[in-house]
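Convert by adding 158 to the 1-based position in the sequence shown; the result is the number in the numbering used here. We put the CB at the ideal spot given by N, CA and C, even for glycine. Treat the numbers as computed from the prediction; the structure is a model and nothing was measured.
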Amino acid sequence: DFTTSLVDGTSFTTNLAGVGATGWVDLLIETKYNRTLRSKLDEFISVKDFCAVADGTLHTVQEWTVAGSRIYYKDLAAIQADYPHVTALTDSIDWAATVKAFSASNVVNFGDDKNHYVVNKTAFTNDNQKIIGNFATIRQVESGTQIFDTSNKANNYFSGIKFVGMGTADFANSAGSRSDGIYAYNA
């Protein structure tokens with residue numbers, strides 16, 4: 159507990175129950191029904207939890223090698239320690255975050271219509287993968303490449319995602335999109 163004194167001479171005590179010997183052990187906010195915010199947030203993973211940018215621009219992991227960037231890695235080998243699927247500095251940050259999110263949880267949230275992800279590789283789903291959004295957009299910028307590959311996977315679920323091919327062509331049986339939204343051979 160710590161006590162705060164106000165200018166008018168009154169004081170109040172704040173309970174710091176979330177502080178442990180090695181730092182914060184849980185968030186201090188509880189919901190109406192006595193759940194901590196941490197337990198509520200653990201219900202799903204957001205792609206942004208793994209550093210996705212989602213601003214509609216192709217950002218490559220090379221940005222992470224620039225000193226002073228929001229995330230900094232010395233080189234590709236350092237990036238691969240946290241993102242082992244990244245094979246080149248030209249890999250999309252949004253793609254790298256998506257793959258990492260898939261490995262962390264079978265329920266992955268892409269957010270709302272303010273989120274515009276840009277990927278340049280295929281993200282392979284797992285069995286029982288649930289991919290949800292609220293009108294989020296994912297654009298593939300590599301010709302002939304899928305956004306998601308569900309081949310040989312069972313029980314994949316997609317909701318609320320808008321898939322866009324190269325440029326701005328929507329996936330509506332459009333030859334101009336030059337990419338697939340979801341590839342589902344033998345799924």
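Could you check whether the region 266–285 touches the region 296–312, counting it as contact only if at least three pairs of C-beta atoms, one from each stretch, sit closer than 8 Å? yes
For the putative contact between residue 323 and residue 274, defined by C-beta atoms under 8 Å, what is the C-beta separation to the nearest angstrom? Contact flag wrong, Cβ pair sits at about 14 Å.
I'd like the list of long-range same chain contacts for residue 211, defined as Cβ closer than 7 Å, with 5 residues on each side in sequence excluded. The beta carbon of residue 211 is closer than 7 Å to those of 217, 251 and 252 in its chain, skipping five residues each way along the sequence.
Measuring CB atoms only, is the region 200–209 touching the region 252–261, in the sense that at least three cross pairs come out at less than 8 Å? yes
Among 289, 192 and 284, which has the Cα closest to the Cα of residue 268? 289
Between the Cα of residue 241 and those of 228, 222 and 312, spot the shortest distance and give me the residue it belongs to. 222
When burial is assigned at 16 or more other CB atoms within 10 Å of the CB, is residue 191 buried or exposed? exposed
For residue 249 and residue 339, I'd like the C-alpha separation in whole angstroms. 18 Å
For residue 159, count neighbouring Cβ atoms within 10 angstroms of its own Cβ and tell me buried if that reaches 16, exposed if not. In this predicted model, residue 159 has a pLDDT of only 47, less than 50, meaning its place in the structure is not dependable enough to derive any value.
Which residues mark the beginning and the end of the alpha helix (DSSP H) in which residue 342 is found? Judged by DSSP secondary structure, residue 342 falls outside any alpha helix (DSSP H); it is assigned neither H nor E.
For the alpha helix (DSSP H) that residue 251 lies in, which residues bound it at each end? 251–262 is the span of the alpha helix (DSSP H), which, as asked, contains residue 251.
Compute the Euclidean distance between the alpha carbons of residue 306 and residue 234, then round it to the nearest angstrom. 24 Å
My understanding is that residue 313 touches residue 286, with C-beta atoms under 8 Å, so please give their C-beta distance in whole angstroms. 5 Å
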